[in-house]
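**Q** One structure coming up, written as structure tokens, with questions to follow.
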Amino acid sequence: MNHYPVHVLLLLTVAMSACREIVEQVQTDSPYVDVTTDTTTLPMLYAVSDEEYLQYGADVSYVTAAGNTIVPFGHFAYYGTDSFTHVANVILHPNDSTYGRQVGINRYQDILFDLVMYDNGPEPLHDGLLRVLRNGKMGFANEKGQIVIPCIYDYVQRFDGGQAEVTFEATEYYDLDDHLRVESDTWFDIDRHGKRIITL
Numbered sequence: 001m002n003h004y005p006v007h008v009l010l011l012l013t014v015a016m017s018a019c020r021e022i023v024e025q026v027q028t029d030s031p032y033v034d035v036t037t038d039t040t041t042l043p044m045l046y047a048v049s050d051e052e053y054l055q056y057g058a059d060v061s062y063v064t065a066a067g068n069t070i071v072p073f074g075h076f077a078y079y080g081t082d083s084f085t086h087v088a089n090v091i092l093h094p095n096d097s098t099y100g101r102q103v104g105i106n107r108y109q110d111i112l113f114d115l116v117m118y119d120n121g122p123e124p125l126h127d128g129l130l131r132v133l134r135n136g137k138m139g140f141a142n143e144k145g146q147i148v149i150p151c152i153y154d155y156v157q158r159f160d161g162g163q164a165e166v167t168f169e170a171t172e173y174y175d176l177d178d179h180l181r182v183e184s185d186t187w188f189d190i191d192r193h194g195k196r197i198i199t200l
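All the letters of the sequence shown, read from the start, carry residue numbers 1 to 200 under full-length UniProt numbering.
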């Protein structure tokens with residue numbers, strides 16, 4: 001009896017599972033600020049850099065149209081936000097030689113949440129909501145930076161058509177092509193209020 005095909009299959013299975021790089025959830029234990037409803041009209045802030053042009057990682061400041069500095073240089077690096085009213089995507093800039101986490105801040109320089117990566121950059125709003133992280137758990141914020149669905153899930157998919165798939169138990173890993181994959185046996189759908197959608 002030839003066991004060669006069984007051994008090859010077993011060897012391939014072990015090799016493929018060994019090539020998966022499991023992604024550990026990052027626990028930041030960072031203090032975050034909760035945004036309360038802000039009905040006042042705030043002036044737009046504009047990104048300014050001391051470099052020739054804005055590029056990811058460049059030291060950034062945010063100023064009013066009149067040139068008044070609201071967010072000074074030295075604290076954040078540019079991460080795609082050219083102008084903002086409520087929330088800017090930035091990279092924490094703890095010192096002159098290193099860059100830190102990618103976060104959403106308000107005009108008062110408060111950290112609102114950590115950003116979810118999407119196509120090598122910060123994720124855009126989708127269906128009016130943004131996937132965000134707080135201390136390793138995912139939830140959703142609106143365009144004003146308010147957490148509208150708490151960051152309690154291991155993983156959440158983007159909203160589409162008023163609902164999103166979420167899970168409390170997920171495994172994230174990079175496949176052989178270096179694409180991030182997420183697996184869970186316990187996905188379920190929620191609506192824009194965070195309520196579980198029961199399908200009959």
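By construction, the Cβ of each residue, glycine as well, lies at the ideal position given by its N, Cα and C atoms.
1) Given a threshold of 16 other Cβ atoms within 10 Å of its Cβ, counted over all protein chains shown, does R181 qualify as buried or as exposed?
2) May I ask you to list the residues that DSSP assigns as paired with Q163?
3) Please go through the same chain and pick out, in chain order, the residues whose beta-carbon is closer than 8 angstroms to the beta-carbon of D160, but skip the five residues on each side of it.
4) State the beta-bridge partners of I91 as determined by DSSP.
5) Would you check if the distance between the CB atom of D185 and the CB atom of Q163 is smaller than 7 angstroms?
6) Looking only at DSSP bridge pairs, what is R181 linked to?
7) For P124, list the residues DSSP reports as bridge partners.
8) Expressed to the nearest angstrom, what Euclidean distance is found between the alpha-carbon atoms of P72 and R107?
9) Given a cut-off of 7 angstroms on the beta-carbon distance, is the pair D89 and L115 in contact?
10) Touching or not, the region 51-59 and the region 140-158, by the rule of three or more beta carbon pairs under 8 angstroms?
11) In whole angstroms, what is the alpha-carbon distance linking I198 and V166?
12) Using the Cβ count rule (16 or more neighbours within 10 Å means buried), how would you classify T36?
13) Just grab the DSSP bridge partners of K144 for me.
14) Give me the residue from D110, D178, Y78 and N120 with the minimum Cα distance to G145.
15) Please state whether DSSP places R134 in a helix, a strand or coil.
16) Cutting at 8 angstroms between CB atoms, please list the residues of its own chain near E143, excluding the five before and the five after it.
17) Return the residue from the list A66, D175, V132 and V148 that minimises the CA-CA distance to P43.
**A** So, from the data block:
1) exposed
2) D160 and D191
3) Apart from sequence neighbours up to five positions away, the residues of its chain that approach D160 with a beta-carbon distance below 8 angstroms are H126 and D127, ordered along the chain.
4) A77 and Q102
5) No; because the gap between Cβ atoms is not below 7 angstroms, this pair is not in contact.
6) For R181, which the question treats as bridged, DSSP gives the partners Y173.
7) For P124, which the question treats as bridged, DSSP gives no partner whatsoever.
8) Taking the straight line joining both Cα atoms gives about 10 angstroms.
9) One detail in the question is off: residue 89 reads as Asn in this sequence, not Asp. For N89 and L115, yes; Cβs fall inside 7 angstroms.
10) no
11) 13 angstroms
12) That one is exposed.
13) The partner list for K144 (beta bridge, DSSP) is empty, contrary to what the question assumes.
14) Considering only alpha carbons, the answer is D110.
15) strand
16) H86, V87, L125, G128 and L130
17) A66
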